[in-house]
Amino acid sequence: MKYKLLLCGINLLLCLSTCFSSALMAAETVIDFTGKIKDGQNITAVIRKSIEEAPKADLKFVFPKGVYHFSPAESFKKTYCITNHENGEKNIAFLFDGFRNVKIEGNETEFVFTGAMLPFLFVNSQGIELTGCSIDWSIPFYVQGEVICSMPKSKSYDVRFNSEGYDFQVADNRLVYPNQEGFSYSGIGESLVFDKYSKSPVYNSNTLDIHRKQNAMVEKLSNGDIRITEKIKSYPSVGSIIVFKGPNGENRYAPAIHALKSKDVVIRNVNVYHALGMGFLGEISENISLKNFNVCLREGTDRMLSATADATHFCNCRGNVVVDGCLFENMLDDGTNVHGTYVRIEKIISNRTLQAKLMHFQQGGFEFARPGDKNWFIIAPLINRQNENKIVDYRRLDDYTMELTFVKDLPKELKEGDLVENKTWNTDSFVMKNCTIRNHRARNIVLKTPGKTLIENNYLNSMMASILMRPEAYFWYEAGANENTVIRNNTFHNCILGGGEQAMLFISPRFAKNFDKSGWIDKNVVFENNTIHTFDNKIIHATSVNGLVIRNNKIIQTKDFKPYNPENPLVDLFHCKDVVVKGNMYQFDTPEFIRMDEDTRQTANINQK
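Residue numbers for the sequence shown follow my numbering, so the first one is -1 and each next one is one higher.
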């Protein structure tokens, strides 16, 4: 009898468990657009209505295979601030504000945008999953053309611009583009020169990375080519492709995907073929996973650019950030940048309150801190983190200025010009693995985070430094010091193609003049088991690192390009502590493998032939 009762009890529990699971599954609202939208349709209004009427939790959107269009007129309108972009009213296709557990499932679905738009915004949301789709624009927000004639003596060059798939005109001696939904740039703006065949920035492109502060003289010739007359550092070669993306302050409308104050964000099997800024931006968000997320050129395209800024960017994100199996190519800024933010102290108001300021014009409106956040002070002349404290009140005075009140008294030596860094909002771990980053402007990877960082099994090809580690309070004011970084089993190929002062691995803090480099800032950096095939001598440059290991790397010189710095050693170290160098194999025409200053030599352990 007891046995039968036990069986009945077990069966009842199983039944209840099944019913409960079914109820949980049934709780998800599925909005399936299969059969409801047509290939080639503009679905802006359909998507807006669906999101507005949907529940704010446990929601799934399913899209069939096809091409679907979006335009500004019937999109969401929202005025808000985007770090490292222009602030203002944005036209948003998919706006999820305050949602929980949302899946957006594409099936080789192509979303094509027209005009100034932000495709995906997730704000104050948790449990977001976006899969199986691509993002592109019908007309990109740049123009490109082949250089037909280059005439440095007359300070001019002729360009045959691509006309199919682009929109531009010459008016009043100005190049006007992209002429989309009422938007055009005020001037010709910034430009870069690419190789026609490899689609990489050209050799020595640093001299052709032009950031114009005024317009060039533009003239349309009788054969349809366009002559540009201006005084620049260097003139593009005949046969190269020059790309213009508009002036600084106008050419970063919005990222393709923006996660703002959100948590548990997964982007998988998504291609961004164009973006009016960054490909993905994580801002004050927690736990982000990008898997097979590609910012790249569409196969077979004649376009030279993907995103007009970074492929990925993580500003004051915390938790675990993973970038795995991604392709980043042909964007006009870094492959990834992981950093916090420094604010500059403007005034000490009381023993526990200070006034501070965001220092870059594209940080306006950024929410630096919240009550309960822990912070560090960086007190000049030292550049290292000091005196942890906790914020109890945050008061925004305007888009750039704030008052911060702390739970404990401020350090007596704290003063105007010193810095505050948010400790709470930094990654616990950042992992980038199995990625390819190539054929783009700037750096492959920029690291400025105290959390555990792993860079592993990537293929890296860069115009500037391949990996830049630079806490910086000079221009962007991007914090901060790296404390635990492993870079291993990567392949570096022809890095620093554009020339300039950087090295392949470039560890170089940069602070204003009131700070000095008498201390150490970055620490615990391991560079091991990497394979390097490159043409220039500047492999590693490190300044003010406490704990640097360089071991078991294979360094082989290519003959693909002329070295910029044949007189340099492969490794150059200044004011470093506890350096270990051993087991590296190199085949390189170099005067010496390593050069150290006396500070570094005192604690170095060098076992290198």
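No residue lacks a Cβ here, since even glycine has one placed at the ideal position from N, Cα and C.
Note that the structure is a prediction, hence the values are computed from the model and not measured.
- Non-local C-beta neighbours of residue 326 in its own chain, meaning closer than 6 Å and more than five positions away in sequence, comprise 293, 309, 333 and 435, ordered along the chain.
- If the five residues before and after residue 201 are omitted, its C-beta is found closer than 7 Å to the C-beta atoms of 495 and 559, all from its own chain and listed in chain order.
- The beta-carbon distance between residue 444 and residue 466, rounded to whole angstroms, is 5 Å. This is short enough to meet the 8 Å contact definition.
- Residue environment for residue 118: buried (at least 16 other C-beta atoms within 10 angstroms of its C-beta).
- The count of Cβ pairs closer than 8 Å, one atom from the stretch 562 to 570 and one from the stretch 510 to 523, stays below three, leaving the stretches out of contact.
- Counting of Cβ neighbours within 10 angstroms places residue 224 among the buried residues, the total reaching 16 or more.
- Around the C-beta of residue 348, fewer than 16 other C-beta atoms lie within 10 Å, and the residue is accordingly described as exposed.
- The beta carbon of residue 385 lies closer than 6 Å to those of 375 and 409 in the same chain, with the five residues before and after it left out.
- Taking a cut-off of 8 Å on C-beta distances, the stretch 290 to 304 does not touch the stretch 152 to 159, as fewer than three cross pairs fall below it.
- In this structure, residue 199 and residue 190 form a Cβ contact; the two beta carbons are roughly 6 Å apart against a cut-off of 8 Å.
- Annotated as proximal: residue 26 and residue 58, with beta-carbon spacing under 9 Å.
- Boundaries for residue 156: no alpha helix (DSSP H) harbours it, while the beta strand (DSSP E) harbouring it runs 154 to 159, taken from the DSSP string.
- The alpha carbon of residue 361 has as its nearest neighbour, out of 165, 478, 399 and 538, the alpha carbon of 399.
- Taking residue 130 as the centre and dropping the five residues before and after it, the same chain places the C-beta of 103, 104, 105, 106, 107 and 267 closer than 7 Å to its C-beta, in chain order.
- Going by DSSP, residue 426 is part of the beta strand (DSSP E) stretching over 425 to 431.
- When the beta-carbon positions are compared, residue 134 and residue 109 come within less than 9 Å of each other.
- Excluding residues up to 5 positions away in sequence, 141 lie with their Cβ nearer than 6 Å to the Cβ of residue 164 in the same chain.
- Positions of the beta strand (DSSP E) runs, each at least 3 residues long and wholly inside the stretch 98 to 145, are given as 98 to 111, 116 to 121 and 124 to 135 in order along the chain.
- Contact between the stretch 250 to 268 and the stretch 226 to 233 is absent: fewer than three C-beta pairs spanning the two stretches fall below 8 Å.
- A straight-line Cα-Cα distance of about 9 Å links residue 504 and residue 541.
- Exclusion of the five residues before and after residue 125 leaves 98, 99 and 262 as the residues of its chain whose Cβ lies within less than 6 Å of its Cβ.
- In the three-state reduction of the DSSP assignment, residue 598 falls in the helix class.
- Closest by C-alpha distance to residue 532, out of 581, 526 and 458, is 458.
- According to the DSSP assignment, residue 255 belongs to the beta strand (DSSP E) that extends over 255 to 258.
- For the 9 Å CB-CB criterion, residue 185 and residue 167 do not form a contact.
- Around the beta carbon of residue 603, fewer than 16 other beta carbons sit within 10 angstroms, so the residue counts as exposed.
- In the structure shown, residue 150 falls within a helical segment according to DSSP collapsed to helix, strand and coil.
- From the listed residues 33, 66, 30 and 72, the smallest Cα separation to residue 47 is found for 72.
- Under the three-state reduction of DSSP, residue 303 is assigned to coil, being neither helix nor strand.
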